[in-house]
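Enquirer: If you count the sequence shown from 1, position 44 lands on 30 in this note's numbering, and the numbers rise without skipping.
Glycine included, every Cβ here is placed at the ideal spot set by N, Cα and C.
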Amino acid sequence: LAGLIDYAGLFPPASLDLARVLENHIRYAESGESWLLGRLLVPITRLDELDERLPAFSTPASCTISTLAQIGDIHRVPSRVAEFNERHSPRWAVVAVEVVAGTAADVERIAHCVPERYERYVELPLDARLPALLDAVAATGCYAKARTGGVVSDAFPTPAVLSRFMAA
-13 LAGLIDYAGL FPPASLDLAR VLENHIRYAE SGESWLLGRL LVPITRLDEL
37 DERLPAFSTP ASCTISTLAQ IGDIHRVPSR VAEFNERHSP RWAVVAVEVV
87 AGTAADVERI AHCVPERYER YVELPLDARL PALLDAVAAT GCYAKARTGG
137 VVSDAFPTPA VLSRFMAA
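1) Tell me the start and end of each unbroken alpha helix (DSSP H) in the region 57 to 91 that is at least 4 residues and wholly inside, in chain order.
2) Enumerated in chain order, which unbroken segments of the alpha helix (DSSP H) with a length of 4 residues or greater are wholly contained in the region 87 to 124?
3) Decide if the region 55 to 75 is in contact with the region 20 to 32; the criterion is three or more beta carbon pairs, one per stretch, under 8 Å apart.
4) Could you give the distance in angstroms between the alpha-carbon of residue 96 and the alpha-carbon of residue -12?
5) Which class does residue 126 belong to by DSSP, given the choice of helix, strand or coil?
6) From residue 73 to residue 40, what does the alpha carbon distance come to, in whole angstroms?
7) Based on the DSSP secondary-structure assignment, which residues constitute the bridge partners of residue 28?
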């Protein structure tokens, strides 16, 4: 279970400001339960803000980040992440990129644009497109991801739908 829980304090339902999210993440990283803590989730559109705030925060632990990008901005990911990591690694480092894909072409574009040195997570729709998209994810060396919650009830897949995703 090590690293099981990513911290998404920027997102609903918490929707905390970045300073509070950093305070919380550092506190969790320094706690007795730190072994459960995974990555800090930050949209790529907020990396500049994170970049500006990090010097004010110190932590003895190194913290990893998964950045969320949109398929339309995927071409910006390599340079933006590399710039961030050059300034903050190894203390803070983006190690993963997450992108929603709706087509096999989207998956191929993600795999082409995001270097393999980052873990590439492709969030897939849990509908009839799933088998073909899972094939595309497997063929590209990316990882499949399913959304399992949100602020509306439709964002929570049923156990049967989630079971089909896991089995596939």
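Expert: Quick look at the numbers:
1) 63 to 74
2) 90 to 99
3) yes
4) Along the sequence shown, read from residue 1 onward, the residue named residue 96 stands at position 110. Along the sequence shown, read from residue 1 onward, the residue named residue -12 stands at position 2. Their Cα atoms are separated by approximately 27 Å.
5) Counting from one through the sequence shown, the residue named residue 126 turns up at place 140. Correct three-state label for residue 126: helix.
6) Position 87 of the sequence shown holds residue 73. Position 54 of the sequence shown holds residue 40. Their backbone Cα atoms lie some 10 Å apart in a straight line.
7) Here residue 28 refers to the residue found at position 42 when the sequence shown is read from its first residue. According to DSSP, residue 28 bridges with 53.
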